[in-house]
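Chemist:
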Amino acid sequence: MALSFVKLHGAGNDYIASDGRDVNRDGGALSVAMSRLNFGVGSDGITLVQKSDVAQVRMRIYNPDGSEAEMSGNGIRLFAKFVIDRKIAVPGPDGLIVETGGGVRTVVPTMDGDKMIAARVAMGEPELTP
614 MALSFVKLHG
624 AGNDYIASDG
634 RDVNRDGGAL
644 SVAMSRLNFG
654 VGSDGITLVQ
664 KSDVAQVRMR
674 IYNPDGSEAE
684 MSGNGIRLFA
694 KFVIDRKIAV
704 PGPDGLIVET
714 GGGVRTVVPT
724 MDGDKMIAAR
734 VAMGEPELTP
């Protein structure tokens, strides 16, 4: 099965984004295969769009080693650009509501016409204990 994806760059990070709402994909295996710079696309990880029961969309994010991460500040901004620019979800008055492994987050986009050009994310307090 073919995989449609986009590679996005932001603030020093590269993420691969793909719409996984209607397909069952192993995000960890995809991230291992695609994140290696010399043998794949090269990235800091993969974000997959999924359906959510508590937000407009759900972001699953995978590290290059295949492990699933809870959250990435740059990752969620790039994810939001992917979702908004492709009209997968339309931000409401307060922004785009995204379910993550670290909880629900709101991404407030800055738009230029129908394209997102910047974003703010309420990340919450950092959790510093293992």
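Okay, so the sequence shown: first residue is 614 according to our numbering, each after it adds one.
Backbone N, C-alpha and C define an ideal beta-carbon position, used for all residues, glycine too.
In this text, all values refer to a predicted model and were calculated from it rather than measured experimentally.
Taking only the alpha-carbon atoms, compute the straight-line gap between Asp635 and Thr742 and give it to the nearest angstrom.
Modeler: Walking along the sequence shown from the start, residue 635 turns up at place 22. Walking along the sequence shown from the start, residue 742 turns up at place 129. Cα to Cα, Asp635 sits roughly 36 Å from Thr742.
Chemist: Should Leu643 be labelled buried (16 or more other beta-carbon atoms within 10 Å of its own) or exposed?
Modeler: Taking the first residue of the sequence shown as 1, we reach residue 643 at position 30. Residue burial is scored here from C-beta neighbours: Leu643 has at least 16 other C-beta atoms within 10 angstroms and is therefore classed as buried.
Chemist: Indicate the three-state DSSP secondary structure (helix, strand or coil) for Val619 in the structure shown.
Modeler: The residue given as residue 619 occupies position 6 in the sequence shown. In this structure, Val619 counts as strand in the three-state DSSP scheme.
Chemist: Which whole-angstrom value is the C-beta distance of Ser631 and Ser617, which I expect to be below 8 Å?
Modeler: Working through the sequence shown from its first residue, we reach residue 631 at position 18. Working through the sequence shown from its first residue, we reach residue 617 at position 4. 7 Å between Cβ atoms; contact.
Chemist: Among Glu740, Arg638, Gly715, Val670, which one has its Cα closest to the Cα of Lys694?
Modeler: One-based indexing of the sequence shown puts residue 694 at position 81. That would be Val670, whose Cα lies nearest to the Cα of Lys694.
Chemist: Buried or exposed: where does Gly705 fall if 16 or more other Cβ atoms within 10 Å of its Cβ makes it buried?
Modeler: In the sequence shown, counting from the first residue as 1, residue 705 sits at position 92. Gly705 is exposed by the Cβ-count criterion.
Chemist: Could you tell me the distance, in whole angstroms, from the CA atom of Met736 to the CA atom of Ala682?
Modeler: As a working mapping, residue 736 is identified with position 123 in the sequence shown. As a working mapping, residue 682 is identified with position 69 in the sequence shown. Cα to Cα, the separation comes out at about 14 Å.
Chemist: Between Ile689 and Val734, how many whole angstroms is the CB-CB distance? I'm expecting something under 8 Å.
Modeler: Within the sequence shown, numbered from 1, the residue matching residue 689 stands at position 76. Within the sequence shown, numbered from 1, the residue matching residue 734 stands at position 121. Between Val734 and Ile689 the Cβ distance is about 6 Å, and since that is below 8 Å, they are a contact.
Chemist: Which residue or residues does DSSP assign as beta-bridge partners of Glu681?
Modeler: Here residue 681 corresponds to residue number 68 of the sequence shown, with the count starting at 1. According to DSSP, which records beta bridges pairwise, Glu681 is partnered with Tyr675.
Chemist: Alpha carbon to alpha carbon, how far is Ala624 from Phe652? Give it in angstroms, no decimals.
Modeler: Locating residue 652 in the sequence shown gives position 39, counting from the first residue. Locating residue 624 in the sequence shown gives position 11, counting from the first residue. Going by the C-alpha atoms only, they are around 24 Å apart.
Chemist: Taking the alpha-carbon positions, what's the Ser680 to Ser665 distance?
Modeler: Position 67 of the sequence shown holds residue 680. Position 52 of the sequence shown holds residue 665. Cα to Cα, the separation comes out at about 21 Å.
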